[in-house]
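Here is the structure:
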């Protein structure tokens, strides 16, 4: 009995550590961007971080006042989850634009594709909901959130491939994409585990840690990307072997001999 109580206490302490650690990292990322004056360039990712921070603190407030198992928290959780999903998809669109805006034809194709993907996910979610008419509100949001998360994971992978094909040298963008990939991997893996195991209690407990850990990893990567010393264009090219060192002049060659 004592061992069970101890494990439960350790689990709760870990959850609080992840929660408040996330709050601190989110605030640190936002404050750094505001102080550095790069908010306009990083508006999309920063709005997403602000949404995560706002939703996290609001959920803690609702739990404190209504309880974890209350209907108020249930409705607020799924509504806020839908808001986060929409914000995440918007960030993916912003990152695609940053990667391909200089190629007008590619960006035109990408823009149409992103709209088609969103409408397709929406239509698929509505169609799936028709078989669960008893849960119109929560059923639709859960289905919609799952589908958007999986779509975002696929899109962010395609974005990374596109960046490699275009020879993109924007290291900051690379880190932002990497962080988003980890962020989407958490919900995708959690939902897959949940369905494969029929929602076993042990898996539910594990899911409670997977998503916060992935969010923390994303924030750490983003904070590193924003605070690291940027390479100059020449340094970046030399690091990739794209620029050769200049040959010495003729008289200098003779002296070297």
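Numbering (this note's numbering), first residue to last: 28 to 284.
No residue lacks a Cβ here, since even glycine has one placed at the ideal position from N, Cα and C.
As the structure is a computational prediction, the values presented were derived from the model and not from experiment.
Going by the beta-carbon positions, is the gap between residue i and residue j smaller than 7 Å?
{"i": "residue 200", "j": "residue 125", "result": "yes"}
{"i": "residue 250", "j": "residue 56", "result": "yes"}
{"i": "residue 72", "j": "residue 137", "result": "no"}
{"i": "residue 78", "j": "residue 54", "result": "no"}
{"i": "residue 241", "j": "residue 213", "result": "yes"}
{"i": "residue 170", "j": "residue 155", "result": "yes"}
{"i": "residue 61", "j": "residue 69", "result": "no"}
Alpha carbons only, please: which of the options is nearest the one belonging to residue i?
{"i": "residue 166", "options": "175, 152, 194", "result": "152"}
{"i": "residue 234", "options": "221, 243, 242", "result": "221"}
{"i": "residue 197", "options": "180, 123, 54", "result": "123"}
{"i": "residue 43", "options": "239, 252, 245, 246", "result": "239"}
{"i": "residue 178", "options": "90, 141, 74", "result": "141"}
{"i": "residue 174", "options": "139, 184, 218, 195", "result": "218"}
To which residues of the same chain is residue i closer than 7 Å at the C-beta, ignoring the five residues directly before and after it?
{"i": "residue 216", "result": "237"}
{"i": "residue 172", "result": "108, 109, 112"}
{"i": "residue 243", "result": "45, 48, 49, 52"}
{"i": "residue 40", "result": "none"}
{"i": "residue 301", "result": "With the chain covering only 28 through 284, there is no way to say anything about residue 301."}
Looking at the secondary structure, which residues open and close the alpha helix (DSSP H) in which residue i lies?
{"i": "residue 1", "result": "The requested residue 1 does not occur in the structure, where the chain is confined to residues 28 to 284."}
{"i": "residue 138", "result": "131-156"}
{"i": "residue 128", "result": "That residue, residue 128, is in no alpha helix (DSSP H); it is neither H nor E in DSSP."}
Going along the chain, which residues of its own chain have a beta-carbon closer than 8 Å to the beta-carbon of residue i, five neighbours each way excluded?
{"i": "residue 186", "result": "119, 122, 123, 126, 204"}
{"i": "residue 282", "result": "Bear in mind that a pLDDT of 45 at residue 282, under 50, signals an unreliable position, so the number given afterwards is only what the model happens to contain. Excluding sequence neighbours, residue 282 sits near nothing in its chain."}
Got a sec? Which residues, its chain only, sit under 6 Å from residue i by beta carbon, not counting five neighbours each side?
{"i": "residue 148", "result": "174, 175, 178"}
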